[in-house]
Amino acid sequence: MIDHNRSRLSHQDCWKSWKEDGDAEARRQLIEHYLPLVDYVSSRMAVGLPKNVTKDDLASNGIMGLIDAIEKFDYQRGLQFETYASWRIRGSIIDGLRQGDWVPRSVRDKAKKLEDAYTVLEQRNLRSASDEEVCGYLNISHKEFQQMLQEVAVSAVCSLEDPIREEESETRLSLLVDDKAVNPESKVHETYLKEALTQGIEKLTPKERTVVSLFYYEDLSLSEIAEVMSLSPSRISQLHSKAILRLRTALGKQRDQLLQH
Numbered sequence: 001m002i003d004h005n006r007s008r009l010s011h012q013d014c015w016k017s018w019k020e021d022g023d024a025e026a027r028r029q030l031i032e033h034y035l036p037l038v039d040y041v042s043s044r045m046a047v048g049l050p051k052n053v054t055k056d057d058l059a060s061n062g063i064m065g066l067i068d069a070i071e072k073f074d075y076q077r078g079l080q081f082e083t084y085a086s087w088r089i090r091g092s093i094i095d096g097l098r099q100g101d102w103v104p105r106s107v108r109d110k111a112k113k114l115e116d117a118y119t120v121l122e123q124r125n126l127r128s129a130s131d132e133e134v135c136g137y138l139n140i141s142h143k144e145f146q147q148m149l150q151e152v153a154v155s156a157v158c159s160l161e162d163p164i165r166e167e168e169s170e171t172r173l174s175l176l177v178d179d180k181a182v183n184p185e186s187k188v189h190e191t192y193l194k195e196a197l198t199q200g201i202e203k204l205t206p207k208e209r210t211v212v213s214l215f216y217y218e219d220l221s222l223s224e225i226a227e228v229m230s231l232s233p234s235r236i237s238q239l240h241s242k243a244i245l246r247l248r249t250a251l252g253k254q255r256d257q258l259l260q261h
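For the sequence shown, UniProt numbering begins at 1 and goes up steadily by one.
This is how it looks when you write it as structure tokens:
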């Protein structure tokens, strides 16, 4: 990754020249300096994707996201560019994947069936659903269940960017983000959704919580997590898929409750 202290010191003038004077050379230097962000984000997102999607495919879309971030970033607000740019890069990669129709409809259908199963079972039993209960609900064997998890792993990367409902453009992530203005409604949504995520994480199994923590908070790849937990990469991918499905259920339930008030 990038040396943050060095970045702030050596690139403040570049930001100023680009934003205030429109200096194309300063813009080029900023793009070159932050290119490692594209490699970092695309490497993380490449794990578990179909073999026909290469890291180069992700990186080419990611570069467009980086350029967009440099165009729109307000360096005077004192925010960390790497965090802002990472979201832009990730969003651009996801947009590119969507345009390429990289997730077959059959896989999306399986992900929806699994998500519905977790929703029904957890509402019925008021606790996390076990693998056996999900298998029974879907009338499938444990082997078929594991295969479904492996297949839907490729859709988990878009889990928060997908529309909440197919006919709507609003995404789960949009409910968590307040671009600039702070308004009461956004703060209420953010508070409730953070609470929903916290409760959702608490309902995960210990192994699922560990995977979520290492992947999203410690920035380890799924392969690195497999080494840490002494499990196979495919098993880590399955644990990640189950965790995402449970968290999507928690967010969807919270969103429905918000709409009722």
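Cβ coordinates follow ideal geometry from the N, Cα and C atoms, glycine included.
Inter-residue CB distance, residue i and residue j (contact presumed, cutoff 8 angstroms)
i      : j      : result
ALA46  : LYS55  : 5 angstroms
VAL152 : SER241 : 6 angstroms
THR249 : GLU122 : 7 angstroms
Simplified DSSP state of residue i, which is helix, strand or coil
i      : result
THR171 : Model confidence at THR171 stands at a pLDDT of 47, short of 50, so the residue's coordinates are unreliable; what they give is reported in the following sentence. Strand, per DSSP.
ASP23  : coil
ASP56  : helix
SER17  : helix
SER43  : helix
SER130 : coil
GLY78  : coil
ASN61  : helix
Residues near residue i in its chain [Cβ-Cβ closer than 6 angstroms; skip 5 each side]
i     : result
ALA26 : CYS14, SER17, TRP18
ARG90 : VAL41
SER7  : For SER7, the pLDDT reaches just 43, beneath the cut-off of 50, and the residue's location in the model is therefore unreliable, leaving the point undetermined.
Exposed unless 16 or more other CB atoms sit within 10 angstroms - verdict on residue i
i      : result
TYR216 : exposed
VAL211 : buried
ASN61  : buried
LEU214 : buried
GLU20  : exposed
ARG88  : buried
Same chain, Cβ closer than 8 angstroms to residue i, neighbours up to 5 away in sequence not counted
i      : result
ARG127 : LYS203
Bounding residues of the alpha helix (DSSP H) (the contiguous stretch that carries residue i)
i      : result
THR210 : 206-212
ARG124 : 105-125
GLN147 : 142-152
TYR84  : 81-99
GLU224 : 222-229
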